[in-house]
Each structure stands twice: as structure tokens, then as C-alpha cells.
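Just so we're aligned: the sequence shown equals residues 16 to 220 in the numbering used here.
Just so it is clear, CB atoms sit at the ideal spot from N, CA and C, and this is done for glycine as well.
Please read all numbers here as calculations on a predicted model, not as lab measurements.
Have a look at the structure below before the remarks.
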Amino acid sequence: MIIAVDGPTASGKGTIAKALGRHFGLPHMDTGLLYRAVGYQVDLNGGNPDDAGDALAACNFPEELLGHPALRSEAIGGLASRVSIHPAVRHALLERQRAFAAQPGGAVLDGRDIGTVICPDADVKLFVTASVDARAERRWAEMQARGEDHTLAAIREDLRERDARDSQRSAAPLIMAPDALLLDTSRLNREEAVARAIELVNAAT
Ligand code: C5P
Numbered sequence: 016m017i018i019a020v021d022g023p024t025a026s027g028k029g030t031i032a033k034a035l036g037r038h039f040g041l042p043h044m045d046t047g048l049l050y051r052a053v054g055y056q057v058d059l060n061g062g063n064p065d066d067a068g069d070a071l072a073a074c075n076f077p078e079e080l081l082g083h084p085a086l087r088s089e090a091i092g093g094l095a096s097r098v099s100i101h102p103a104v105r106h107a108l109l110e111r112q113r114a115f116a117a118q119p120g121g122a123v124l125d126g127r128d129i130g131t132v133i134c135p136d137a138d139v140k141l142f143v144t145a146s147v148d149a150r151a152e153r154r155w156a157e158m159q160a161r162g163e164d165h166t167l168a169a170i171r172e173d174l175r176e177r178d179a180r181d182s183q184r185s186a187a188p189l190i191m192a193p194d195a196l197l198l199d200t201s202r203l204n205r206e207e208a209v210a211r212a213i214e215l216v217n218a219a220t
């Protein structure tokens, strides 16, 4: 069984995908981490994330980088969103994602284009979303917990910018696949969102 989970930043898709993997006994891949590693590496190389050549060169990041906590920062998220615009970068990361999805028992992948590009034949596609305000508040609370001090207004602005960049790019933009199931987590806590996702998967399979 292949489960594709797509959605914008801070929608809860990562938490949901991880929980679905645990519940259904499937390996999980957070594909955003790949783009984050490229963003981190381009910076380390002294390259320009907006330059397709520099971004492509950074796709040769060392494997260990994927476990690096620094990839989770907002700054790297911003770089990831910039390098992910380049079709050559998306192409360079495609096979790795498809190979993960092709494991014998199946897999759960979360990202922006899993249901549309990476696994168009996935057994279940979830599109997880939430209002900008709900997502900004969650991100703010997470950052407070990490001791990072940002205003809610700045976080909201950053989310809007990232949503716009992810949805408006020409290569594999963030759009809901026509056969995806919508899960709006704006009014759900973590447990409720996970429970609802499990229900949706069970009902669809
Ligand atoms: O999901 P996460 O916030 O870690 O992703 C970081 C950035 O990587 C996103 O803003 C998006 O631009 C890019 N991305 C993508 N396609 C994916 C996963 C992430 O373009 N499948």
C-alpha cells in the first residue's frame, strides 16, 4: 500500500504521515528533508539557491546530512523552497523517492507533489491543509519551545511567501491531486488529526 500525503508547510502533514507509517507498519519518507539537504548544501558550497546549476550541484549532498537537526530550521526551509523551484533539482531527487515508494510492502511519503508526480498511482492520497492562522500559531508555539523568538506576524508572512512560491512554481507545484482526500486540520489537535487520517485511509482501502 502506498500512501501519499501532500500539503503546505505546518499543515500537520509530517506528523500525520509519520503516524500513518507507524499505524499501518509502513516505512515513511519525509521528502521535504531532501530539499532541505539541498538548500543546506548549496549554502555550504557558497552557491546561490536561485541558480539552477548551483542548486543541482548541491544535490550531491552527503547522506549523513539527512540526520542533521539544522535542516529543520526556518532558514533552511526557506532555502529548500528556493532550490525546489528548479526542474533539474526535482528530477535529480525523483528516482530516490520512487525507489522508496516501490518497497515490497509499500510506504508512506509526504511532501508537495507525491500524489501528483512521484506516486500518481498511490493507493490513498491525502491532501492535508489548515488555515494560515492555524499554521502560523502552531509554528510559533514550536519555535517558542525551541527558544527561537519570532513574532506571529513574521511567521504568518513567511508562510504566505512559501505557500505562494510552492503553489505558483511551474515545476510540480503544490496542488491537490483530483483523486486526493482533503483533510483540514485547522480545528483539530494532533491526536484528532491522526485519528481522522487513519479513518480516511481505512475507508479508502
Ligand atoms: O515540507 P518541508 O517544509 O520540509 O519542505 C521544505 C520545502 O521543500 C518546501 O517549502 C517545498 O518548497 C520543498 N518541497 C518540495 N517538494 C516536496 C517536498 C518539499 O518542493 N515533495
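Closest Cα partner of Ala186 within the set Ile133, Tyr55, Asp199, Phe115: Ile133
How is Gly82 classed by DSSP in three states: helix, strand or coil? helix
Does the distance between the C-beta of Tyr50 and the nearest non-hydrogen atom of the ligand C5P fall short of 8 Å? yes
If you count every other CB in all the chains shown that lies within 10 Å of the CB of Arg205, and 16 or more means buried, which is it? exposed
So the candidates are Arg154, Ile100, Gly54; which of them puts its Cα closest to the Cα of Ser182? Ile100
Quick check: does the Cβ of Thr46 come within less than 8 Å of any heavy atom belonging to the ligand C5P? yes
Determine the burial state of Leu174: buried for a count of at least 16 other Cβ atoms within 10 Å of its Cβ, exposed for fewer. buried
Less than 8 Å separating the Cβ of Asp125 from some heavy atom of the ligand C5P? yes
Own chain partners of His165 with C-beta closer than 6 Å, once the 5 adjacent residues on each side are dropped: Met158
Which residues in the same chain have their Cβ closer than 8 Å to the Cβ of Ala85, if we skip the five residues on either side of it in sequence? Tyr55, Ile91
With a threshold of 6 Å on Cβ separation, who are the neighbours of Leu196 within its own chain once the five nearest residues in sequence on each side are excluded? Leu141, Leu215
Tell me whether His101 sits in a helix, a strand or coil according to DSSP, three-state version. coil
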